[in-house]
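Chains as they are written, first to last, in the working numbering: chain A, 1 to 438; chain B, 1001 to 1438. Even glycine gets a Cβ: it sits at the ideal position worked out from N, Cα and C.
Number of protein chains: 2
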Amino acid sequence: MPSTALTFSSRAEHRAWLATQAALPLGFRVGTTRFDFLPKEAPKPAKMTLTLIALDRPTADFAAMFTKNAFPGAPVIVGRRRLDEPALGAIIVNNKISNVCAPGGVDAAERICAETARLLGLPATAVLPSSTGVIGWGLPVDAIIAGLPQATGSLAAGSVLPAAEGIVTTDLYPKVRGAALGQGRIVGIAKGAGMIEPNMATMLVYILTDLAIPRDGLRTTLKRAVDASFNRISVDSDTSTSDTVVLVSSGRVPCTDLAAFEQILTQVCRDLAEDVVRNGEGVRHVIRVQVKNAASPELACALGKAIVNAPLFKCAVAGNDPNVGRLVQAIGKHVGAHAPDADLSKLRASIGGIEIFANGAFQLNPEKENALVVHLKGAELYASKPGADGVFTAPIDFPPHERCVEIEVILGSGDAGAVVFGGDLTHEYVSENADYRS
Amino acid sequence: MPSTALTFSSRAEHRAWLATQAALPLGFRVGTTRFDFLPKEAPKPAKMTLTLIALDRPTADFAAMFTKNAFPGAPVIVGRRRLDEPALGAIIVNNKISNVCAPGGVDAAERICAETARLLGLPATAVLPSSTGVIGWGLPVDAIIAGLPQATGSLAAGSVLPAAEGIVTTDLYPKVRGAALGQGRIVGIAKGAGMIEPNMATMLVYILTDLAIPRDGLRTTLKRAVDASFNRISVDSDTSTSDTVVLVSSGRVPCTDLAAFEQILTQVCRDLAEDVVRNGEGVRHVIRVQVKNAASPELACALGKAIVNAPLFKCAVAGNDPNVGRLVQAIGKHVGAHAPDADLSKLRASIGGIEIFANGAFQLNPEKENALVVHLKGAELYASKPGADGVFTAPIDFPPHERCVEIEVILGSGDAGAVVFGGDLTHEYVSENADYRS
């Protein structure tokens, strides 16, 4: 569960809570615009939202981490260059098209940055571009440039919520997490469903702070926070070509306690990461795996990922079926392939606090099975039901609760551990991904 | 496509063709029996089939390969011991329960072997056990022992088909492939859906020959044939705890041409492996990936696996959606994670012979998109349709054709290659695996 463990009974209640998280740190404004355009690769018009995040003054203090996919999107290529620039003044984000491996993609991103910069009185290299959406299509650069004045004209301080709503694609609801430290604060927004390439491709995360942390400190801190949060989730094991996490400080509030900053940054990242999974495509159960007493942190993390990525275990969770054999299969597959000499004789595993494996054998009885079903049903986000057309769609636009299917795996062979989040594999996932482009 | 590339218009036509493949080599007989029992872990009776494969005379010439899962089933533990025994006289297989990590599982397997041996006049160590089905339940040993006389009583030479039908669980149809070499022949049968742990867990393959090949030759030849066939398929990336491939020679027909033997053995294994994918749970499209000009065979094989295991690409194929972005994402993810220094600038990719990526960019237009849809639809095995209860089930009990979605990836950086088979990700897969135990 995230640091909050909230429940919500309506969209209005969720939006009201988001508003409490969304207060912008000092020195930032956000603006958006939405327009129709005709993609040259597709027969019918589409809608695109531009989201602009602008600093009141350009800052030297920013950090960014990008996808490790070997075919990074053009904005990722441009973004990596920006890391060497002296200052960042704005971030311009479009949804609908991800600008990945499209002919002329880097030039398109640079043209949009240059026009954004011109409107804001910045050098072009002080604008960071992001794109999310279909892979393979080219950006409608002229339509975007025509829309930019409206985005800059709508820039406003106060709340990050318009940006959180502007960057979404298939997300069911916006994701915002904020935290205060003294007089300053951190606010983060995310879109997408984690490591998956969702319908519209990618996870984007922007974290804004007014706490004054110099560039080097931001970059080392962001790396550690991302390793402990976004690098510990998987919805479906696919790594987007556009994954981007950006951390920007306006430097408006002095901060001397870097450790406290790292602590709240990490918590914001962890909560947003879990939000991304909970809102993952077709996710009806969030699965939280705690691996303990592993020989190394790498093994603990990889084993946790192997469990949340095992399709048959994911299907069993979707069906509220306590199929413990599939959990043990997933552990055995990973260890057999990657740590064949590991001693599994001390392995203990539990689901929802109920021990199901110890001393090399299953520990099952009908009472435990019933209790496991109760635990699984308690973590369900919504019931699955096809529409009249046979298509399964998620019926929620807010997260009803933050409960997880709790898996504990104790290896008994060391002191390392990891917590990894994933989702189940559902008809809603297949419906969303087998048909969406047609 | 397999070596045959057949089409079938009915179950009867498919069964008639299977009969042509199923002629048993000299020196083997098969028998089966089916009975009801009450699992101690479940509230209602279940059905189990016992399948017995017996040699007329015990043979020293046999080979077997087993799962690399770190939690192997009890029959796999026993089977590994049998490799050191001087002779094999029979194989006893049960479906429904896989006997994995059940308390007392090895003793249960040995008791069944001992009783089988007693009935056949063999030492207990000359019987190889196999089990497939639910992981976590214990075998009903008394019920199995009570059923054994009927299995031995039904032993008959002639056709392997009763065994191919006896070992199945969720398979839609039996899988048999045969080939002749001079006066001798090889016949192989398979159950399951490959690397996946299907509903009832596991892939089992038995290959019988009367060609006289000594033990050492069988074992080295089997390893190479399996590496080029069963180790090149994946339905859903899950590695069963029970996977077993056994090759037994009755030695009745002299064979001096080991190269010719290896060639037909490899072809039988490849065709059976592709049969396993085509019959994989929920598979509506078989995907065949040819990776060419790779720096190493390992990279070629791993990249092919990464493509057929990418959930979003699998969903796109299920929807006859030529989502080439997801193919490139899958390639980029694998190379980024495992060969980050590889040069992808010469990469070319095609689907159904239509080039979709070259020179670092997509090569798309509306005509190509239409042709890609035609190719995908042509490889579909059946149309997806939910039942009145919302559950998706495969409506076929024979393979209507052997066409594949043909993916070619040319890396342009070496001389190595690999062919890998996989399936799409469908509602039928989720229906079968989210609910089957309840």
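- From the listed residues B:A1108, B:L1018, B:N1370, B:R1034, the smallest Cα separation to D1271 of chain B is found for B:L1018.
- Shown here, V78 of chain A sits in a helix according to DSSP, grouped into three states.
- Counting of Cβ neighbours within 10 angstroms places Y1382 of chain B among the exposed residues, the total staying below 16.
- Taken in chain order, the unbroken stretches of beta strand (DSSP E) that lie wholly in the segment 394–418 of chain A and span 3 residues or more are 405–410.
- Residues of chain B with a Cβ closer than 9 angstroms to the Cβ of I135 of chain A are, in chain order, N1323, V1324, G1325, R1326, V1328, Q1329, F1362.
- In chain order, P386, G390 make up the part of chain A whose C-beta sits under 7 angstroms from the C-beta of P1386 of chain B.
- For A54 of chain A, the enclosing beta strand (DSSP E) starts and ends at 46–59.
- One alpha carbon belongs to V1324 of chain B, the other to F66 of chain A, and they sit about 22 angstroms apart.
- Going by DSSP, P1297 of chain B is part of the alpha helix (DSSP H) stretching over 1297–1308.
- The Cβ atoms of V248 of chain A and I91 of chain A sit closer than 9 angstroms to each other.
- Each of A:I351, A:L208, A:R82 was checked against the Cα of V405 of chain A, and the nearest Cα belongs to A:I351.
- Cβ neighbours of S1130 of chain B within its own chain (closer than 7 angstroms, five residues either side excluded): P1075, I1091, V1093, L1204, T1244.
- With 16 or more neighbouring CB atoms inside 10 Å of its own CB, D171 of chain A falls in the buried class.
- Within the same chain, Cβ atoms closer than 7 angstroms to the Cβ of G158 of chain A are found at L24, the five residues on either side in sequence being excluded.
- Less than 9 angstroms separates the beta-carbon of V127 of chain A from that of A117 of chain A.
- Taking CB atoms only, P1340 of chain B has a neighbour in chain A less than 9 angstroms away.
- Beta-bridge analysis with DSSP links P1025 of chain B to no other residue.
- In this structure A12 of chain A is exposed. Its beta-carbon is surrounded by fewer than 16 other beta-carbon atoms within 10 angstroms.
- With the criterion set as a beta carbon lying under 9 angstroms from some beta carbon of chain B, the members of the segment 99–111 of chain A are V100, C101, A102, P103, G104, G105, in sequence order.
- Shortest Cα-Cα distance from G1104 of chain B to any of A:G251, A:L218, A:G360 involves A:G360.
- The beta carbon of H401 of chain A sits no closer than 9 angstroms to any beta carbon of chain B.
- For chain A, the residues of the segment 1069–1087 of chain B that bring a beta carbon within less than 9 angstroms of one of its beta carbons are N1069, A1070, F1071, P1072, in chain order.
- Not a single CB atom of chain A sits nearer than 9 angstroms to the CB of E1298 of chain B.
- K68 of chain A: not part of any beta strand (DSSP E); DSSP gives it neither H nor E.
- The segment 177–189 of chain A and the segment 213–228 of chain A do not touch, with fewer than 3 CB-CB distances between them shorter than 8 angstroms.
- Rounded to whole angstroms, the separation of the alpha carbons of V1430 of chain B and V1246 of chain B is 31 angstroms.
- A direct Cα-Cα distance of roughly 51 angstroms separates I354 of chain A from T59 of chain A.
- Taking G412 of chain A as reference, the option from A:L327, A:N320, A:A146, A:N293 with the minimal CA-CA separation is A:N293.
- Among the residues facing chain A, N1433 of chain B is included, as its CB has a counterpart in that chain under 9 angstroms away.
- Taken in chain order, the members of the segment 40–55 of chain A whose beta-carbon sits within less than 9 angstroms of a beta-carbon on chain B are E41, A42, P43.
- Cβ-Cβ separation between V30 of chain A and A179 of chain A: approximately 18 angstroms, too far for a contact (criterion under 8 angstroms).
- Collapsing the DSSP output to three states places E281 of chain A in coil.
- At least 9 angstroms separates the CB of L1376 of chain B from every CB of chain A.
- Going by beta carbons, P1039 of chain B and S1242 of chain B fall outside the 9 angstroms limit.
- Along the segment 79–110 of chain A, the beta strand (DSSP E) occurs as fully enclosed runs of 3 or more residues at 88–94, listed in sequence order.
- Put simply, the CB of V430 of chain A is near chain B, with a gap under 9 angstroms to one of its CB atoms.
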